[in-house]
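Chemist: This structure is in structure tokens; I'll ask about it shortly.
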Amino acid sequence: MELTGAEIVMKVLLENDVDTVFGYPGGAVLNIYDEIYKYSDKIHHITTCHEQGAAHAADGYARATGKTGVVFATSGPGATNLVTGIATAYLDSTPLVAITGNVATAFIGRDSFQEVDICGVTMPITKHNFMVKDVNKLADVLREAFRYARVGRPGPVLVDIPKDVQTAVADYEPLTKETSARKHKNGKKAFESALEIIKNSKKPFIYAGGGVVSGNASKELEKFADMLDAPIGTSMMGISGVSVDNPRYLGMTGMHGKYCSTRALAEADLIIAIGARFSDRATGNKKKFADGKKVIHIDIDPAEIGKNIPVYVSLIGDVKEVLIKLMGMLPEMNRPEWEAEVKEIRNCPDSRLEMEKGKLTPQAVIEAVNKNLKACNPIVTDVGQHQMWVAQYYKFKNPRTFLTSGGLGTMGFGLGAAIGAAIGTGKRTVLFTSDGGFHMNMNEMATIVSNNLPVTIIVLNNDALGMVRQWQTIFFEKRYSNTSLERKTDYVKLANAFGIQAEKVDSLDNMEKVIKKSVSGNGPFLVEVKIDPDERVLPMIPPNGTIHDIILR
Amino acid sequence: MKDIGANEERFLMSLLVRNEAGVLTRVSSLFGRRGFNIDSLSVGETLDSKISRITVIATGDEYVKEQIKLQLEKLYDVLTVEILNMKNAVMRELMLIKVRVPQGKRAEILEATSIFRAKVVDITRESLTLEVTGDSSKCNAFLEYMIPFGVVELCRTGLTAVARGGESLEDNNKLIV
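Just so you know, the protein sequences line up as chains A and B, in that order.
First residue of the first sequence: 2, per my numbering; consecutive thereafter.
First residue of the second sequence: 266, per my numbering; consecutive thereafter.
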């Protein structure tokens with residue numbers, strides 16, 4: 002059948018089971034938005050306040066649901082406003098399809114109004130991008146974009162569609178054919194040597210990353226750890242991939258990881274990294290990280306092997322499939338000595354760092370939220386101290402419930418991502434943010450109100466850029482350059498002005514009551530909690546350090 | 266070309282890529298982004314007009330060599346990457362050199378041209394334009410010889426290469442799998 006390019010976009014979205022898109026209209030996507038109007042019974046469009054919010058929302062939607070996030074933006078500034086959102090998705094391997102309009106092909110390259118080379122701009126932060134200049138190729142390019150965003154290691158793909166391609170007409174044939182992924186073959190030898198190393202190891206440590214969450218491999222991971230009789234630690238992106246109830250789980254490792262997890266990793270003679278990429282925040286000193294240890298690396302992306310840490314054996318592929326295959330070859334093992342050593346590490350006082358009791362601390366707030374929610378509620382963060390506290394103290398039990406910008410560390414990610422998570426799951430979503438991160442994209446409160454979303458915003462207000470301030474305390478002799486904010490924002494009035502119910506908490510007495518109220522209604526709620534600006538994130542391993550440099554108090 | 270460090274070596278890569286707009290940018294910007302250096306790069310169509318072939322000479326240690334290959338393979342438009350053994354590959358470069366002809370020197374230049382199996386492709390009263398094909402060392406040697414006469418213009422294509430033997434890079438093309 003003959004359809005316009007704009008309508009072909011709708012058809013391909015439906016082919017890919019897309020029912021929700023985020024975006025912002027504009028001159029170069031008018032035709033696409035006209036189709037969104039016509040298809041509004043099948044495709045739900047959420048209009049945000051800013052394209053960055055839309056990109057984060059699509060990203061949050063994808064992280065919380067496992068589906069591909071879709072975002073629309075117009076040419077020029079609309080497209081460039083997506084950039085931080087796309088880069089965030091790229092660094093954390095979220096499947097995202099960004100569709101931008103552009104000026105008509107005849108106007109391209111002439112610095113036309115709202116023209117920007119968005120393919121050039123996003124080249125290093127997308128898996129791939131396409132500009133479609135021929136309407137006859139549009140359907141196939143869009144299908145390829147959806148396939149490619151998910152295949153192998155997921156990531157963002159951008160499709161730029163000039164205005165005249167949206168209005169031009171082409172023959173459209175529905176397609177349901179599945180295109181298969183290119184499979185990597187691991188030699189039999191790789192599995193055999195992995196087995197050999199595992200059998201000979203006295204102290205194996207399983208280090209799980211975000212690939213376990215995105216690869217839906219939590220069950221397999223836990224079973225694998227049982228077979229090996231080995232402890233598990235995660236990177237920050239791996240959090241929620243293992244339930245805190247699992248007795249083998251020691252917590253997050255790395256710069257602000259739990260002492261017991263980082264210490265057990267340091268004591269191990271074998272690290273089995275699963276869906277992790279050894280970021281510098283996770284490893285500290287790369288030379289000493291795996292010194293004297295063997296490393297087995299299981300990952301879907303061959304380019305991650307040996308990129309940051311030298312590896313003994315690598316097994317390339319979908320982590321779930323690789324684990325199933327590996328377990329088929331493994332005998333049950335017992336390592337009572339290692340188990341006893343890990344137990345001792347776990348029970349040592351340094352492994353139980355807590356904030357002061359009887360005071361309004363971030364830990365108390367996080368635990369209060371935890372107590373009032375179910376394991377399935379998504380928890381979203383911005384970036385900085387509060388992000389680390391949530392990673393440390395919230396008890397995550399279900400995969401895809403911890404949404405955070407790990408790789409790029411995007412302040413302002415949270416509110417948009419919370420919108421996406423709330424829409425994707427339909428569940429009460431709690432955003433932990435700070436006065437720094439919240440001010441970056443707080444405009445999206447309007448989106449939350451327009452859509453009456455069950456989002457609770459908890460602003461941990463220390464009147465400072467806490468994480469940078471912490472570094473200034475430790476490494477810059479307390480010269481607090483530009484991190485004391487001295488803002489006079491009245492968060493309650495601000496939220497009310499947007500149409501959001503809000504309360505302020507400045508003592509422990511009413512904290513639990515307000516938190517309970519903030520998560521029990523149907524609509525949005527904001528809670529401002531005043532916290533001590535000198536509260537630090539501990540433990541801390543300074544950059545490029547090891548367990549020996551750890552700061553505990 | 267930059268100096269080679271202790272563990273570094275110069276190596277030769279052949280790529281098959283989709284013949285799409287922007288593919289050269291994607292390949293070359295990846296080198297810049299990851300902090301790898303390109304010594305020489307040449308590109309041209311293959312028998313199949315949808316596919317181009319890029320030859321890259323780069324410098325680095327084992328880590329760089331492996332990472333360049335893996336990162337290039339991740340690019341959508343890159344269909345196959347092969348690191349060729351320089352000792353077992355045929356490598357050629359084409360050089361066009363326009364040289365001034367000082368009074369009474371024409372015979373000497375033409376003699377050198379003939380010894381190097383170069384060709385005269387243009388001539389005026391004051392200049393000769395010469396074409397030479399070969400590996401880099403031959404081109405360099407010819408250039409060295411010509412410099413004292415006065416080189417007016419020089420252009421080099423960069424190396425292009427194929428492995429010896431009957432096999433084809435196409436065998437590893439991910440489109441064909």
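Quick reminder that beta carbons are idealized off the backbone N, C-alpha and C, glycines included.
Would isoleucine 44 (chain A) and valine 30 (chain A) be called neighbours here (beta carbons separated by less than 9 Å)?
Modeler: Here residue 44 (chain A) refers to the residue found at position 43 when the first sequence is read from its first residue. Here residue 30 (chain A) refers to the residue found at position 29 when the first sequence is read from its first residue. Not a contact, by the Cβ cut-off of 9 Å.
Chemist: How is aspartate 118 (chain A) classed by DSSP in three states: helix, strand or coil?
Modeler: Locating residue 118 (chain A) in the first sequence gives position 117, where the first residue counts as 1. If DSSP states are grouped into helix, strand and coil, aspartate 118 (chain A) belongs with coil.
Chemist: Short check: CB of isoleucine 303 (chain B) to CB of isoleucine 322 (chain B), under 9 Å?
Modeler: One-based indexing of the second sequence puts residue 303 (chain B) at position 38. One-based indexing of the second sequence puts residue 322 (chain B) at position 57. Their beta carbons are under 9 Å apart, which means isoleucine 303 (chain B) touches isoleucine 322 (chain B) by this criterion.
Chemist: Using the C-alpha atoms, what's the distance from alanine 59 (chain A) back to proline 525 (chain A)?
Modeler: Taking the first sequence and counting its residues from 1, one reaches residue 525 (chain A) at position 524. Taking the first sequence and counting its residues from 1, one reaches residue 59 (chain A) at position 58. So the alpha carbons of these two residues sit roughly 19 Å apart.
Chemist: Please list the terminal residues of the continuous alpha helix (DSSP H) segment that includes glutamine 332 (chain B).
Modeler: As a first step, residue 332 (chain B) is located in the second sequence; it is residue number 67 there, counting from the start. Where glutamine 332 (chain B) is concerned, the enclosing alpha helix (DSSP H) stretches over 327-339.
Chemist: When DSSP labels each residue in this structure, what does proline 303 (chain A) get in the three-state scheme?
Modeler: Here residue 303 (chain A) corresponds to residue number 302 of the first sequence, with the count starting at 1. Helix, per DSSP.
Chemist: So which residues on chain B does proline 556 (chain A) lean against when the C-beta distance must stay under 9 Å?
Modeler: Since the first residue shown for chain A is 2 and the last is 554, residue 556 (chain A) is missing from the structure and cannot be characterised.
Chemist: Within 10 angstroms of its Cβ, does tyrosine 395 (chain A) collect 16 or more other Cβ (buried), or is it exposed?
Modeler: Start at 1 with the first residue of the first sequence, and residue 395 (chain A) comes out as number 394. When all chains shown are included, tyrosine 395 (chain A) counts as buried.
Chemist: Which one of A:Ile380, A:Leu466, A:Val460, A:Leu4 has the shortest CA to CA distance from threonine 426 (chain A)?
Modeler: Position 425 of the first sequence, counting from 1, holds the residue named residue 426 (chain A). Cα-wise, what sits closest to threonine 426 (chain A) is A:Ile380.
Chemist: Which of the three DSSP states, helix, strand or coil, is assigned to arginine 298 (chain B)?
Modeler: One-based indexing of the second sequence puts residue 298 (chain B) at position 33. Note: arginine 298 (chain B) maps to helix in three-state DSSP.
Chemist: Which class does phenylalanine 73 (chain A) belong to by DSSP, given the choice of helix, strand or coil?
Modeler: Locating residue 73 (chain A) in the first sequence gives position 72, counting from the first residue. Strand at phenylalanine 73 (chain A).
Chemist: Can the beta-carbon of alanine 140 (chain A) be found closer than 9 Å to that of leucine 97 (chain A)?
Modeler: Along the first sequence, read from residue 1 onward, the residue named residue 140 (chain A) stands at position 139. Along the first sequence, read from residue 1 onward, the residue named residue 97 (chain A) stands at position 96. Their beta carbons are not under 9 Å apart, which means alanine 140 (chain A) does not touch leucine 97 (chain A) by this criterion.
Chemist: Under a three-way DSSP split, which group does isoleucine 374 (chain B) fall into?
Modeler: Taking the second sequence and counting its residues from 1, the one referred to as residue 374 (chain B) is at position 109. Three-state result, isoleucine 374 (chain B): helix.
Chemist: Specify, as a first and last residue, the run of the beta strand (DSSP E) that methionine 334 (chain A) falls within.
Modeler: Indexing the first sequence from 1 puts residue 334 (chain A) at position 333. Element bounds for methionine 334 (chain A): n/a, residue is neither H nor E.
Chemist: Please compile the residues from chain A whose C-beta is within a distance smaller than 8 Å of the C-beta of glutamine 332 (chain B).
Modeler: Working through the second sequence from its first residue, we reach residue 332 (chain B) at position 67. Going along chain A in sequence order, the residues near glutamine 332 (chain B) (Cβ under 8 Å) are Ala304, Gly307, Lys308.
Chemist: Can the beta-carbon of methionine 328 (chain A) be found closer than 9 Å to that of phenylalanine 225 (chain A)?
Modeler: The sequence position of residue 328 (chain A) within the first sequence is 327, counting from 1. The sequence position of residue 225 (chain A) within the first sequence is 224, counting from 1. The answer is yes: Cβ separation under 9 Å.
Chemist: Would you mind sorting lysine 128 (chain A) into buried or exposed? The rule is 16 or more other CB atoms within 10 Å of its CB.
Modeler: Here residue 128 (chain A) is taken as the residue at index 127 of the first sequence, counted from 1. Classification of lysine 128 (chain A): buried, given that the 10 Å Cβ count is 16 or more.
Chemist: Is the CB-CB distance between alanine 209 (chain A) and leucine 222 (chain A) below 9 Å?
Modeler: Position 208 of the first sequence, counted from the first residue, corresponds to residue 209 (chain A). Position 221 of the first sequence, counted from the first residue, corresponds to residue 222 (chain A). Yes, the Cβ-Cβ distance between alanine 209 (chain A) and leucine 222 (chain A) is below 9 Å.
Chemist: Is it buried or exposed, histidine 549 (chain A), if we count other Cβ atoms within 10 angstroms and call 16 or more buried?
Modeler: As a working mapping, residue 549 (chain A) is identified with position 548 in the first sequence. Exposed is the call here.
Chemist: Please compile the residues from chain A whose C-beta is within a distance smaller than 7 Å of the C-beta of arginine 291 (chain B).
Modeler: Taking the second sequence and counting its residues from 1, the one referred to as residue 291 (chain B) is at position 26. Chain A residues near arginine 291 (chain B): Met124.
Chemist: Closest Cβ-Cβ distance between tyrosine 91 (chain A) and chain B: below 9 Å?
Modeler: Looking up residue 91 (chain A) in the first sequence gives position 90. So, not an interface residue.
Chemist: Nearest-angstrom Cα distance between leucine 408 (chain B) and glutamate 310 (chain B)?
Modeler: Residue 408 (chain B) sits at position 143 when you count from the first residue of the second sequence. Residue 310 (chain B) sits at position 45 when you count from the first residue of the second sequence. Their Cα atoms are separated by approximately 28 Å.
Chemist: Give the residues of chain A in contact with tyrosine 341 (chain B), contact being defined as C-beta atoms less than 8 Å apart.
Modeler: Translated into positions along the second sequence, residue 341 (chain B) becomes position 76. What tyrosine 341 (chain B) touches in chain A: Lys128, His129, Tyr149.
Chemist: Consider the Cβ of glycine 121 (chain A): report whether some Cβ of chain B lies at a distance smaller than 9 Å.
Modeler: Here the question's residue 121 (chain A) lines up with position 120 in the first sequence. Cβ-Cβ to chain B under 9 Å: yes for glycine 121 (chain A).
Chemist: Could you work out which residue in A:Ala218, A:Ile310, A:Gly413 is closest to glutamate 322 (chain A) when comparing CA atoms only?
Modeler: On the first sequence, position 321 is the one that residue 322 (chain A) refers to. Closest option to glutamate 322 (chain A), Cα to Cα, is A:Ala218.
Chemist: Examine chain A for any beta-carbon lying closer than 9 Å to the beta-carbon of valine 282 (chain B), and answer yes or no.
Modeler: By one-based count along the second sequence, residue 282 (chain B) stands at place 17. For valine 282 (chain B), the answer is no, since every Cβ of chain A falls outside 9 Å of its Cβ.
Chemist: Which complete beta strand (DSSP E) runs does the stretch 188-231 of chain A hold, if anything under 3 residues is left out?
Modeler: Listed in chain order, they are 205-209.
Chemist: So, helix, strand or coil for glycine 385 (chain A), using DSSP?
Modeler: The residue you call residue 385 (chain A) lines up with position 384 of the first sequence. Looking at glycine 385 (chain A) - three-state DSSP - the assignment turns out to be coil, as it is neither helix nor strand.
Chemist: Using Cβ-Cβ distances below 7 Å, what residues of the stretch 409-431 of chain B are close to chain A?
Modeler: Per Cβ criterion, the list is empty.
Chemist: How would you write the range of the alpha helix (DSSP H) that asparagine 497 (chain A) sits in, first residue to last?
Modeler: Taking the first sequence and counting its residues from 1, the one referred to as residue 497 (chain A) is at position 496. Run containing asparagine 497 (chain A): 492-499, per the alpha helix (DSSP H) assignment.
Chemist: Report all residues from its chain with a CB closer than 8 Å to the CB of glycine 391 (chain A); omit the five preceding and five following residues, and keep chain order.
Modeler: Here residue 391 (chain A) refers to the residue found at position 390 of the first sequence. Residue identity check: residue 391 (chain A) is valine in the sequence provided, not glycine. Result list for valine 391 (chain A): Ile367, Ile380, Thr382, Phe403, Thr405, Phe433, in chain order.
Chemist: Rank A:Gln386, A:Leu409, A:Leu454 by C-alpha distance to the C-alpha of asparagine 462 (chain A) and give the top, closest one.
Modeler: Within the first sequence, numbered from 1, the residue matching residue 462 (chain A) stands at position 461. The residue with the shortest Cα to Cα distance from asparagine 462 (chain A) is A:Gln386.
Chemist: Taking Cβ positions, are tyrosine 25 (chain A) and alanine 63 (chain A) nearer each other than 9 Å?
Modeler: Taking the first residue of the first sequence as position 1, residue 25 (chain A) is located at position 24. Taking the first residue of the first sequence as position 1, residue 63 (chain A) is located at position 62. Result no, Cβ atoms of tyrosine 25 (chain A) and alanine 63 (chain A) do not sit closer than 9 Å.
Chemist: Taking 9 Å as the threshold (beta carbon to beta carbon), is leucine 306 (chain B) in contact with chain A?
Modeler: Taking the first residue of the second sequence as 1, we reach residue 306 (chain B) at position 41. Output row for leucine 306 (chain B): interface = no.
Chemist: Taking the straight line between their C-alpha atoms, what separation do you get for asparagine 17 (chain A) and arginine 148 (chain A)?
Modeler: What you label residue 17 (chain A) is simply residue 16 of the first sequence in a count that begins at 1. What you label residue 148 (chain A) is simply residue 147 of the first sequence in a count that begins at 1. Whole-angstrom Cα-Cα distance: 9 Å.
Chemist: Excluding sequence positions up to five away, which residues of its chain have a Cβ less than 6 Å from the Cβ of glutamate 273 (chain B)?
Modeler: Here the question's residue 273 (chain B) lines up with position 8 in the second sequence. Around glutamate 273 (chain B): Thr324, Gly325, Asp326.
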